[in-house]
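Below: the structure, in structure tokens.
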Amino acid sequence: MGEELVRRLAADGWSVAALARREGPLLELKANATRGAVHVHAHDVTDTAAIAPLFETIVREMGGIDLFIFAAGVMPEVGAEEYNTEKDFLQFAVNLGGFVAWANEVALYMQSARAGTIVGISSIAGDRGRKPNPAYHTSKAAMSTFLESLRNRLSAYDVHVCTIKPGTVLTPMTEGLEGLKWPISVEAAVSDILRAIEKKKNTAYVPFRWQLVSLVIQHIPSMVFRKLNF
Ligand SMILES: NC(=O)c1ccc[n+]([C@@H]2O[C@H](COP(=O)([O-])OP(=O)(O)OC[C@H]3O[C@@H](n4cnc5c(N)ncnc54)[C@H](OP(=O)(O)O)[C@@H]3O)[C@@H](O)[C@H]2O)c1
Numbered sequence: 004m005g006e007e008l009v010r011r012l013a014a015d016g017w018s019v020a021a022l023a024r025r026e027g028p029l030l031e032l033k034a035n036a037t038r039g040a041v042h043v044h045a046h047d048v049t050d051t052a053a054i055a056p057l058f059e060t061i062v063r064e065m066g067g068i069d070l071f072i073f074a075a076g077v078m079p080e081v082g083a084e085e086y087n088t089e090k091d092f093l094q095f096a097v098n099l100g101g102f103v104a105w106a107n108e109v110a111l112y113m114q115s116a117r118a119g120t121i122v123g124i125s126s127i128a129g130d131r132g133r134k135p136n137p138a139y140h141t142s143k144a145a146m147s148t149f150l151e152s153l154r155n156r157l158s159a160y161d162v163h164v165c166t167i168k169p170g171t172v173l174t175p176m177t178e179g180l181e182g183l184k185w186p187i188s189v190e191a192a193v194s195d196i197l198r199a200i201e202k203k204k205n206t207a208y209v210p211f212r213w214q215l216v217s218l219v220i221q222h223i224p225s226m227v228f229r230k231l232n233f
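Using our numbering, count along the sequence shown one by one with no gaps and you end on 233.
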């Protein structure tokens with residue numbers, strides 16, 4: 004989704020800084036940018052010591068930042084009877100630790116600029132503690148809560164914070180997974196995400212129907228919820 008967001012924002016004329024670990028896809032994005040410039044930086048979000056100097060470099064090369072979107076995330080396959088601390092901590096480090104470290108840096112910058120938008124791609128998966136991948140659900144629940152706190156802090160400084168909660172999107176993350184519920188294309192998801200940012204939504208489910216699903220599942224009593232097969 005991050006890749007498609009860069010493509011679409013650049014096509015709309017934005018200057019974009021794109022970050023990820025693999026340099027190849029980043030250079031391809033840069034080479035194929037249609038209107039706005041794409042600046043690229045190979046970066047691992049778990050390298051939190053690198054974030055402050057890298058953010059400074061990006062602000063300098065772009066002349067400022069209006070919009071920050073955190074779209075990095077990992078979801079390793081976890082077996083139904085598997086308890087694997089290494090996999091769990093990796094999800095906390097990328098999905099939550101990387102996000103918090105970047106969001107703190109950007110929040111300080113936007114707070115003093117008294118302008119800007121912070122967007123986090125969380126997930127409907129954080130709305131309940133489901134069976135498949137406890138650490139993934141936890142990382143997304145924590146991310147959504149952190150985003151809400153940021154929104155409540157930064158609204159006094161005219162900084163908007165938007166929480167995106169996708170359902171199932173066909174990306175490398177979901178490739179090969181069976182029984183996907185209501186999958187949508189990455190292009191459709193990104194259109195919804197950009198619309199939510201433009202409309203200054205606090206929280207947007209992608210697509211909207213997942214908001215109704217969430218409303219129902221959040222009200223199912225725990226004793227019943229644990230018997231359901233999801
Ligand atoms: N797909 C879905 O159905 C779905 C549903 C709900 C929420 N989400 C969330 O949406 C976000 C985007 O997911 P996606 O579906 O677009 O997955 P994806 O296609 O696997 O993309 C994940 C991106 O994160 C980057 N990344 C992973 N680890 C990183 C690290 N340590 N440092 C920097 N970048 C890293 C990857 O680039 P590199 O490998 O080059 O680093 C890749 O660009 C994730 O947070 C995911 O949890 C996805």
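Built from N, CA and C at the ideal position, the CB exists for glycine as well. Quick caveat, the model's predicted, so the values are computed rather than measured.
Residue i: CB within 7 Å of a non-hydrogen atom of ligand 1
i, result
"Arg133", "no"
"Gly100", "no"
"Asp195", "no"
"Ile124", "yes"
"Met4", "yes"
"Ala144", "no"
"Val77", "yes"
"Val172", "yes"
"Met226", "no"
"Pro237", "Because the chain is modelled from 4 through 233, residue 237 falls outside the range shown and cannot be assessed."
"His42", "no"
"Val109", "no"
"Ala74", "yes"
"Asp130", "no"
"Arg117", "no"
Short Cβ contact (8 Å threshold) for residue i with residue j
i, j, result
"Gly123", "Thr166", "yes"
"Asn98", "Gly132", "no"
"Met176", "Met113", "no"
"Ala1", "Gln94", "What is shown of the chain runs 4 to 233, which leaves residue 1 out entirely."
"Phe71", "Phe102", "no"
"Leu12", "Ile196", "no"
"Asp91", "Ile220", "no"
"Met4", "Ala192", "yes"
"Leu157", "Ala110", "yes"
"Leu29", "Ala20", "no"
"Ile127", "Trp17", "no"
C-alpha distance - residue i paired with residue j, whole-angstrom precision
i, j, result
"Val121", "Ala199", "The residue you asked about is not Val; residue 121 is Ile in the sequence shown. Cα-Cα distance, rounded: 12 Å."
"Asp161", "Pro186", "35 Å"
"Ala207", "Met146", "14 Å"
"Ala36", "Ala83", "42 Å"
"Ile68", "Ser225", "43 Å"
"Val216", "Val48", "31 Å"
"Gly39", "Asp15", "7 Å"
"Leu57", "Lys143", "25 Å"
"Glu190", "Leu32", "16 Å"
"Gly100", "Asp50", "10 Å"
> Can you find at least 3 beta carbon pairs, one from the region 38-45 and one from the region 165-173, that sit closer than 8 Å?
Replying inline: The way I'd put it, the region 38-45 doesn't touch the region 165-173; fewer than three beta-carbon pairs between them come closer than 8 Å.
> Just checking, does the region 187-203 make contact with the region 225-233 on the three C-beta pairs under 8 Å criterion?
Replying inline: no
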